[in-house]
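Take 0 as the starting number for the sequence shown in numbering that gives the first Met the number 0 and just add one per residue.
Down below is the structure, laid out as structure tokens.
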Amino acid sequence: MNILRVFFGLFLIFFGLNHQFHFFPEPPWPVDAMNFLSALRATGYMNEIIMLTDVIAGALLIINILTPLALLLSASILAHSLLFHFFLAPETMLFAAIGTVINVVLIYVYRKRFYPLFIAQ
Numbered sequence: 000m001n002i003l004r005v006f007f008g009l010f011l012i013f014f015g016l017n018h019q020f021h022f023f024p025e026p027p028w029p030v031d032a033m034n035f036l037s038a039l040r041a042t043g044y045m046n047e048i049i050m051l052t053d054v055i056a057g058a059l060l061i062i063n064i065l066t067p068l069a070l071l072l073s074a075s076i077l078a079h080s081l082l083f084h085f086f087l088a089p090e091t092m093l094f095a096a097i098g099t100v101i102n103v104v105l106i107y108v109y110r111k112r113f114y115p116l117f118i119a120q
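Listed below in structure tokens is the structure:
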């Protein structure tokens, strides 16, 4: 699972940096998706938060520090990404789906580390 963890870390860093450096050109978004993305960009901070969260979570996964936290951070971004693509741009959902599946598999692998979160104090 170390290979999957490192691969997922690289995946997150690559797609996080893609927000800033546009390694992939943006696809032609449907109108509703473009309106949503325009609103996020207009905030002046949302793309940066998404990028930083992806890059930080990816780095934590690669160096194997705070791995459960990194998985939770990436899950929050990937859940929104998957829902965005599912509802607004389903034809571009492939990478969001791949990332979500890998994230779920790794959360399952590290599930014992999450047990304390569900213990009532």
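We treat Cβ as the ideally placed atom computed from N, Cα and C, and that holds for glycine.
Quantities reported herein were computed from a predicted structural model and do not represent experimental measurements.
> Can you tell me whether DSSP reads residue 67 as helix, strand or coil?
Replying inline: helix
> At what residues does the alpha helix (DSSP H) containing residue 59 begin and finish?
Replying inline: 45-62
>> Measuring straight from C-alpha to C-alpha, what distance separates residue 167 and residue 71?
In response: There is no way to answer for residue 167, as the model of the chain reaches only from 0 to 120.
> Going straight from the alpha carbon of residue 83 to that of residue 118, what length do you get?
Replying inline: 32 angstroms
> Secondary structure at residue 120, three-state DSSP: helix, strand or coil?
Replying inline: coil
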